[in-house]
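Novice: Numbering (UniProt numbering), first residue to last: 1 to 386. C-beta: ideal position from N, C-alpha, C; glycine also.
#1: So within the UniProt domain "DOMON" (48-161), which uninterrupted beta strand (DSSP E) runs reach at least 3 residues, ignoring any that extend past its ends?
#2: Tell me whether residue 167 sits in a helix, a strand or coil according to DSSP, three-state version.
#3: Taking just the CA atoms, how far does residue 53 sit from residue 336?
#4: Start and end of the beta strand (DSSP E) containing residue 185?
#5: Does the structure place the segment 278-292 close enough to the segment 176-183 that three or more beta carbon pairs sit under 8 Å?
#6: Using the rule of at least 16 other Cβ atoms within 10 Å of the residue's Cβ for burial, across every protein chain shown, is residue 371 buried or exposed?
#7: Suppose the cutoff is 6 Å on Cβ atoms and the five residues either side in sequence are ignored; what does the same chain contact list for residue 186 look like?
#8: Can you check DSSP and say which residues form a bridge with residue 191?
#9: Give me the Cβ distance between residue 160 and residue 77, rounded to the nearest whole Å; I'm assuming they're in contact under 8 Å.
#10: From the DSSP output, which residues share a beta bridge with residue 41?
#11: Can you find the residues in the same chain that come closer than 6 Å, C-beta to C-beta, to residue 47, ignoring five residues on each side of it along the sequence?
#12: Roughly how many angstroms separate the alpha carbons of residue 261 and residue 83, rounded to a whole number?
#13: Between which two residues does the alpha helix (DSSP H) containing residue 387 stretch?
#14: When the Cα atoms are used, what is the spatial distance from residue 189 to residue 43?
#15: Please go through the same chain and pick out, in chain order, the residues whose beta-carbon is closer than 7 Å to the beta-carbon of residue 217, but skip the five residues on each side of it.
#16: Among 138, 92 and 241, which has the Cα closest to the Cα of residue 117?
#17: Does the count of Cβ pairs from the segment 291-307 and the segment 243-252 closer than 8 Å reach three?
#18: Over what stretch of residues does the alpha helix (DSSP H) that includes residue 275 continue unbroken?
#19: Within 10 angstroms of the Cβ of residue 232, are there 16 or more other Cβ atoms? Answer buried if so, exposed if not.
#20: Just mark residue 363 as buried or exposed, buried being the case when its beta carbon has 16 or more other beta carbons within 10 Å.
#21: Please return the same chain residues whose Cβ sits closer than 6 Å to the Cβ of residue 211, not counting the five positions on each side in sequence.
#22: Quick one: Cα of residue 144 to Cα of residue 60, how far?
#23: Here's the rule: buried if 16 or more other CB atoms are within 10 angstroms of the residue's CB, otherwise exposed. What is residue 276?
#24: Look at the alpha carbon of residue 104 and the alpha carbon of residue 131, and state the distance between them as a whole number of angstroms.
#25: Return the CA-CA distance between residue 406 and residue 107, expressed in angstroms with no decimal places.
#26: Assuming the contact rule is C-beta atoms closer than 8 Å, residue 162 and residue 95 should be a hit. Round their C-beta distance to whole Å, please.
#27: Quick check on residue 326: buried or exposed, where buried means 16 or more other Cβ atoms within 10 Å of its Cβ?
#28: I'd like to know whether the C-beta atoms of residue 330 and residue 208 end up nearer to each other than 8 Å.
#29: With 16 as the cutoff for other CB atoms within 10 Å, does residue 26 come out buried or exposed?
#30: Just to confirm before moving on: does the CB-CB distance between residue 225 and residue 239 stay below 8 Å?
#31: Would residue 273 pass as a contact of residue 319 if the rule is Cβ separation under 8 Å?
#32: Taking residue 39 and residue 72 to be in contact with their CB atoms under 8 Å, please state how far apart those CB atoms are, rounded to whole angstroms.
#33: Should residue 128 be labelled buried (16 or more other beta-carbon atoms within 10 Å of its own) or exposed?
#34: Run through DSSP, which three-state label would residue 240 get?
#35: Under a Cβ-count criterion, where at least 16 other Cβ atoms within 10 Å of its own Cβ denotes burial, should residue 302 be classed as buried or exposed?
#36: Indicate the three-state DSSP secondary structure (helix, strand or coil) for residue 32 in the structure shown.
Now the structure itself:
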């Protein structure tokens, strides 16, 4: 005798309900929206402390969304779909903001660059849209119809930025902003998170570490070796080989860091940190000239050796100063945890303290040596006598 189908039906209903519940992360808060809309799915997005609620009706390709993002007065929020890529360029955006009249508005934009284009039609058809702002959160609501041939997994981007001069201005270029994108499965209710953002963040971190070690630590150590150890006759010629080894290693690491910087720049269309970039190019140029100048180093007794020394020391100190400045510029761009900036400051302070101590010691050695030479009696064979 066949068993009752009720347990099977109940199990299927439970599985469906559990699947729906499990699609909502624990960090996705329960919301009661003013428009009374209920949504099938919700996700806590990977950056900007944002949330996306949505319902997708596949037969009609109708997508209803609620995008929630922290925002202060004078800010805008945006949720966008990119049908042709994974980045911002080419994205079809819904942007919510408060107008000067106090009314909340939602405009659509076809994003082609960092300069905001005029409001325009987009890839999807907007059936209705609205926005509200309360409790330090801005909420964007929209119902759109996707093209019939649109995939059910979309590349989506979310963002926030300042609202100035009656229009949305460019957003900040911090990691949280640059990584605010991912792949959204409308039917399964899942998102892969940032697409490529983790890789970009790793590249930025590698770039920062390489350059901090090279320009910020190893080059200063090489200069300390050259300036202070050569005063001691017993350190000659060991100090020279230590100095050369340290500087060549620093240069090699610096070139690797410079190369990762060029790669990051080529992948970040429209994002240019001009000061950091220009100092980096200057550092690479000066260090390259400094390394190749070793091949042209004249002998100690050559008449132009003094001019070569002036050039070599001047370029070296320029690299020292610019290198440390640019590491701090990079830290301001990366905005890592405070402990990393503190650690670099501690390392530089320790090296500076060592340099001050060695400066005092070497001056003492030099002064004692000069005093000894002045007090040394004249030992001529006849002391001026016939």
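Specialist: Put simply:
#1: 51-57, 62-70, 75-82, 92-98, 104-110, 125-134 and 137-145
#2: strand
#3: 31 Å
#4: 181-185
#5: no
#6: exposed
#7: 56 and 152
#8: 184
#9: 5 Å
#10: 54
#11: 176, 179 and 180
#12: 29 Å
#13: Summary: the structure shown does not reach residue 387, with the chain confined to residues 1 through 386, and so no result is reported for it.
#14: 8 Å
#15: 347
#16: 92
#17: yes
#18: 274-293
#19: exposed
#20: exposed
#21: 257
#22: 10 Å
#23: buried
#24: 6 Å
#25: Nothing about residue 406 can be read from this structure; the chain reaches only from 1 to 386.
#26: That pair is no contact at about 12 Å.
#27: buried
#28: yes
#29: At residue 26 the pLDDT is 38, less than 50, meaning the model places this residue with poor confidence and gives no usable figure here.
#30: yes
#31: no
#32: That pair is no contact at about 26 Å.
#33: exposed
#34: helix
#35: exposed
#36: coil
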